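Last residue of the sequence shown: 392 (my numbering), numbering continuous.
Since the structure comes first, as structure tokens, the remarks are kept for the end.
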Amino acid sequence: MKVYISADIEGVSGVVHREHTARDGREHDRARLWMTEEVNAAIRGAKRAGATTIVVNDGHGTMRNIILEKLDADARLISGSPKRYAMMQGIEAQNFDAAIFVGYHTQMGQTGVLNHTFHGGVVQSIRWNGESLGEFGLNAYLAAYFHTPVVFVSGCQYMQEEARHLIPSIETAVVKETIHQVVALNDSPLRAQQKIEDGVFEALMRKNHAMLALPESVTVEMKVSQTVYADAIAILPNVARIDATTVQITVENVEQAYRYVRSWIMMASAVQ
């Protein structure tokens with residue numbers, strides 16, 4: 121069995137502030153360790169379920185957060201940025217049997233610790249065919265494009281709700297409870313890790329996993345926080361300017377839609 125793991129940091133137990141998530145944050149090294157150990161817990165669960173190939177993709181920020189020397193020796197790590205598929209780099213490379221999401225968070229503007237969508241300073245909302253999606257949804261659609269079901273996600277209780285709205289049968293591990301945007305009731309690292317290991321094992325032992333249905337085409341709409349970001353994005357051919365801060369394009373499939381979203385964000389970030 122081949123298992124793919126996409127790892128973020130905001131949904132990791134104990135992570136509640138920019139000091140944890142930013143590369144220059146005073147508590148970033150602690151958060152990196154927590155993130156690495158939650159990924160290791162997912163790897164243990166996958167191995168218990170019979171996984172023989174495990175690929176981990178570091179999906180947060182610079183994508184150089186997971187501590188390689190502390191990573192389970194039976195997994196391989198994709199690190200560094202930029203990547204064509206960002207948080208999902210590597211999903212296209214093998215015929216994975218399942219995808220696991222560790223340390224995920226809710227979309228921008230929704231209740232949940234450190235909620236945002238890819239770039240909190242740029243993105244206000246992303247809609248595909250009118251459906252508002254965060255990182256979980258966008259990444260799950262890309263996984264489906266590459267014929268891989270997302271079977272597990274860890275994070276806060278609102279991440280669980282967001283995931284189950286799209287994939288009702290998904291296995292989840294709630295490792296912290298959101299109180300406010302930068303306040304949470306956190307499980308101890310060991311308790312969080314055990315929840316993740318057991319949840320991944322249970323998810324992978326199931327058969328006939330649900331996968332998101334792919335639309336025939338995708339109308340991508342992104343609302344940004346400043347008009348200058350939309351100015352930059354609208355330079356691209358075929359991009360429609362809906363209003364001062366909203367851009368739109370219709371493409372053939374979710375793979376193209378995902379790459380447009382990533383490209384738009386990179387363009388906007390360049391003019392900050």
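Where is the CB? At the ideal position from N, CA and C, for every residue including glycine.
Here the structure is a predicted model, which is why all the values come from computation and not from measurement.
Let me confirm a value: residue i is counted as buried when at least 16 other C-beta atoms fall within 10 Å, else exposed. Which label applies?
i	result
T172	exposed
D149	exposed
A193	exposed
L197	buried
V136	buried
R146	exposed
N177	buried
S337	exposed
A304	buried
D363	exposed
V302	exposed
To the nearest angstrom, how far is it from the Cα of residue i to the Cα of residue j?
i	j	result
V344	G131	23 angstroms
M325	M342	37 angstroms
G399	R247	A query on residue 399 cannot be resolved here, the shown segment of the chain reaching from 121 to 392 and no further.
A350	V270	32 angstroms
E251	S201	28 angstroms
I125	K315	16 angstroms
R311	Y224	17 angstroms
H300	E375	34 angstroms
H329	I290	8 angstroms
Q227	T237	5 angstroms
T340	R184	The question names Thr, but residue 340 in the sequence shown is Val. Distance between the alpha carbons of V340 and R184 is about 29 angstroms.
L356	N160	41 angstroms
V175	V123	7 angstroms
M331	E297	27 angstroms
I353	R164	42 angstroms
G134	N358	43 angstroms
Y261	T268	9 angstroms
K327	V273	17 angstroms
T365	R152	34 angstroms
M208	A162	16 angstroms
V295	K203	28 angstroms
E282	R379	22 angstroms
Q277	T182	26 angstroms
Would you verify that the beta carbon of residue i is, or is not, closer than 8 angstroms to some beta carbon of chain B?
i	result
Y265	Judged by its chain identifiers, the structure shown contains no chain B, having just a single protein chain.
Take residue i as the anchor and find which of the options has the nearest alpha-carbon.
i	options	result
E158	P357, P309, M183	P309
F266	A219, N185, M386, S199	A219
N249	N185, M331, E372, G241	E372
V391	E336, R143, V242	V242
S383	Y205, T366, D217, D318	Y205
A293	E317, V302, V303, L305	E317
F221	E139, G229, M279	M279
M121	S245, Q214, V273	Q214
D307	F272, S199, W154	W154
G275	S245, Y261, Q244, Q313	Q313
A169	Q244, Y261, E282, D217	D217
K167	A151, A195, T182	A195
L253	V381, T182, V295, M387	V381
So, are the CB atoms of residue i and residue j less than 8 angstroms apart?
i	j	result
I186	T156	yes
D144	H180	no
I369	H239	no
V367	A377	no
L334	A263	no
- Message: With a threshold of 8 angstroms, are at least 3 pairs of Cβ atoms found where one atom belongs to the segment 255-270 and the other to the segment 286-296?
- Response: Verdict: yes, contact present.
- Task: Spell out a yes or no on whether the segment 233-240 and the segment 309-326 are touching, meaning 3 or more CB-CB pairs, one atom from each, closer than 8 angstroms.
- Result: Result no; under three Cβ-Cβ pairs closer than 8 angstroms.
- Item | the segment 181-197 touching the segment 349-367, judged by at least three CB pairs closer than 8 angstroms | Contact between the segment 181-197 and the segment 349-367 is not established, with fewer than three Cβ pairs separated by less than 8 angstroms.
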